[in-house]
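*Asks:* Residue numbering for the sequence shown follows our numbering, beginning at 34 and increasing consecutively. Yeah, the Cβ is synthetic: ideal placement off N, Cα and C, and Gly gets one too. Bear in mind the structure is a predicted one, so any value in this text is a computation, not a measurement.
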Amino acid sequence: MTNQANRIAVSASALVVAVSAFLGGGAPALSATIENPVAVFSGIDKITGRITTFDVYVNETVQFGALQVTPRVCNSRDETEAPKTTTFVEVDEITLDRKIRRLFTGWMFADSPGLNAVDHAVYDVWLKECKQASDVPAPNAEGAAATN
Numbered sequence: 034m035t036n037q038a039n040r041i042a043v044s045a046s047a048l049v050v051a052v053s054a055f056l057g058g059g060a061p062a063l064s065a066t067i068e069n070p071v072a073v074f075s076g077i078d079k080i081t082g083r084i085t086t087f088d089v090y091v092n093e094t095v096q097f098g099a100l101q102v103t104p105r106v107c108n109s110r111d112e113t114e115a116p117k118t119t120t121f122v123e124v125d126e127i128t129l130d131r132k133i134r135r136l137f138t139g140w141m142f143a144d145s146p147g148l149n150a151v152d153h154a155v156y157d158v159w160l161k162e163c164k165q166a167s168d169v170p171a172p173n174a175e176g177a178a179a180t181n
């Protein structure tokens, strides 16, 4: 074998060993994502300075001031893992002429509330946590929205 062929064979062997170690448990296991039915948000009314914390069931809508908040998914990790709580949320504004205008669609991160918090002229909303249960009754079968 030539030197170049020898180097290629050694590189290929090293690649096979690395892939085998990764697939065979040599790499750290990926943490399991916990899907939660309830997202917990905080919101501030900038005029009154009042901060409100409210629970919203996934795929349900809660009104906070002129905003409607609808989480589509709320994920967290096991307590043994580093915290990483995220939600994919849609936030709409009800305008003065009673039209609905989408303000935000995207991911919010509880550990970085300033990264993707909703910033409105009067109201700000951010994710606090995700949880498995709420003191707020689950929405009824008709899907009526709760109001704050």
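If you compare alpha carbons, which of Gly82, Ala65, Val95 and Glu68 is closest to Phe74?
*Replies:* As a first step, residue 74 must be located in the sequence shown, where it is residue number 41. Nearest of Gly82, Ala65, Val95 and Glu68 to Phe74, Cα basis: Val95.
*Asks:* For the beta strand (DSSP E) that Ile80 lies in, which residues bound it at each end?
*Replies:* For the purposes of this step, residue 80 is taken as the residue at position 47 of the sequence shown. Per DSSP, Ile80 belongs to no beta strand (DSSP E) and is neither H nor E.
*Asks:* Using CA atoms only, rank isn't needed, just tell me which of Phe87, Val91 and Ala99 is closest to Val155.
*Replies:* Your numbering for residue 155 matches position 122 in the sequence shown. When only C-alpha atoms are compared, the closest one is Ala99.
*Asks:* In chain order, what are the residue ranges of uninterrupted beta strand (DSSP E) at least 3 long that sit wholly in the region 141-165?
*Replies:* Those beta strand (DSSP E) runs which fall completely within the region 141-165 and span 3+ residues are 156-164.
*Asks:* Can you tell which of Ala72, Asp157 and Glu162 has its C-alpha closest to the C-alpha of Thr182?
*Replies:* Missing from the structure shown is residue 182; the chain here goes from 34 to 181 and no further.
*Asks:* How would you call Pro104, buried or exposed, if buried means at least 16 neighbouring beta carbons within 10 angstroms?
*Replies:* For the purposes of this step, residue 104 is taken as the residue at position 71 of the sequence shown. By the neighbour-count rule (16 or more Cβ atoms within 10 Å), Pro104 is buried.
*Asks:* How many angstroms separate the CA atom of Met141 from the CA atom of Phe121?
*Replies:* Position 108 of the sequence shown holds residue 141. Position 88 of the sequence shown holds residue 121. One C-alpha to the other measures close to 6 Å.
*Asks:* In whole angstroms, what separates the C-alpha of Cys107 from that of Asn69?
*Replies:* For the purposes of this step, residue 107 is taken as residue 74 along the sequence shown, with counting starting at 1. For the purposes of this step, residue 69 is taken as residue 36 along the sequence shown, with counting starting at 1. When rounded, the distance between both Cα atoms is 5 Å.
*Asks:* So Val71 and Lys164 are in contact, right, with Cβ under 8 Å, and what is the actual spacing, rounded?
*Replies:* Numbered from 1 along the sequence shown, position 38 holds the residue referred to as residue 71. Numbered from 1 along the sequence shown, position 131 holds the residue referred to as residue 164. The pair is a contact, with the Cβ atoms about 5 Å apart (cut-off 8 Å).
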